[in-house]
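The numbers in our numbering rise by one with no breaks, and the one at position 59 of the sequence shown is 142. Here a beta-carbon is modelled for each residue, glycine too, at the ideal position from N, C-alpha and C. Since this is a predicted model, take the numbers as computed values, not measurements. Since the structure comes first, as structure tokens, the remarks are kept for the end.
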Amino acid sequence: MTHSKILCFAGSNRSASFNKSLAGAMAKQLSLLDCEVTLISLQDYPLPLFDQDEEAEKGIPENAIKLAKLLASQDGVFIASPEYNASISPLLKNTIDWISRLPNSDPHPFKNPVYAIGGASPGGLGGIRGLAHLRQVLVALGALVLPQQVSVGSAHSAFDDTGDLSDNRTAAFLGDAAASLLSHSKRF
Numbered sequence: 084m085t086h087s088k089i090l091c092f093a094g095s096n097r098s099a100s101f102n103k104s105l106a107g108a109m110a111k112q113l114s115l116l117d118c119e120v121t122l123i124s125l126q127d128y129p130l131p132l133f134d135q136d137e138e139a140e141k142g143i144p145e146n147a148i149k150l151a152k153l154l155a156s157q158d159g160v161f162i163a164s165p166e167y168n169a170s171i172s173p174l175l176k177n178t179i180d181w182i183s184r185l186p187n188s189d190p191h192p193f194k195n196p197v198y199a200i201g202g203a204s205p206g207g208l209g210g211i212r213g214l215a216h217l218r219q220v221l222v223a224l225g226a227l228v229l230p231q232q233v234s235v236g237s238a239h240s241a242f243d244d245t246g247d248l249s250d251n252r253t254a255a256f257l258g259d260a261a262a263s264l265l266s267h268s269k270r271f
């Protein structure tokens, strides 16, 4: 029997990013289940600011191609997205924009895997406004985004020293989201 392959990453490169912690916590939850988990950092895939003139002159950057192939090879993807002014981070939007420029491929980086999203923020809303925008962008690209999302508010106190969620209820919700992502990734 083949195991589902799940990719986790954060839309932030900040060293103390709450969303890196959330992506890591999700990867840890998924590792307890019957799947193969990969946790990456977008810092390892630097991309220039999207520019159609640069694309016409130099083509699609190699890192965008690598990320597209990685996404397309997965059964599921979890994105932990910070909220910037009620939207997603420039890093995440730029990454998505470059990947979306690739010609249609099979498997497709947005249409092949099932997506789950989450966010962590110092405020009480847990990034839900940014998650609404991320969902809209992914759906516009043909992605199936699960309705259940993970929102971690008061993130400055939400994680313990090991990177685990310190609140049992939030940790249980994350575990449920991990199980849902795995379950849906096996269906499609």
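{"Check": "Contact the segment 217–233 vs the segment 187–195: 3+ CB pairs below 8 Å", "Outcome": "yes"}
{"Check": "Residues that I200 bridges to, as DSSP identifies them", "Outcome": "I162"}
{"Check": "Burial state of E166 (16 or more Cβ within 10 Å)", "Outcome": "buried"}
{"Check": "Straight-line Cα distance separating S170 from N102", "Outcome": "14 Å"}
{"Check": "Pick from S156, N177, S263 that is closest to L130, judged by C-alpha positions", "Outcome": "N177"}
{"Check": "For L227, the residue or residues it bridges with in DSSP", "Outcome": "V197"}
{"Check": "DSSP bridge partner residues for S87 (one or two, in chain order)", "Outcome": "C118"}
{"Check": "Buried or exposed by the 16-neighbour rule on C-beta atoms within 10 Å, applied to D136", "Outcome": "exposed"}
{"Check": "Separation of S249 from A155, as counted between CA atoms", "Outcome": "33 Å"}
{"Check": "Residue range of the unbroken alpha helix (DSSP H) whose run includes S263", "Outcome": "251–270"}
{"Check": "Segment contact flag, the segment 228–244 with the segment 201–208, C-beta cutoff 8 Å, min 3 pairs", "Outcome": "yes"}
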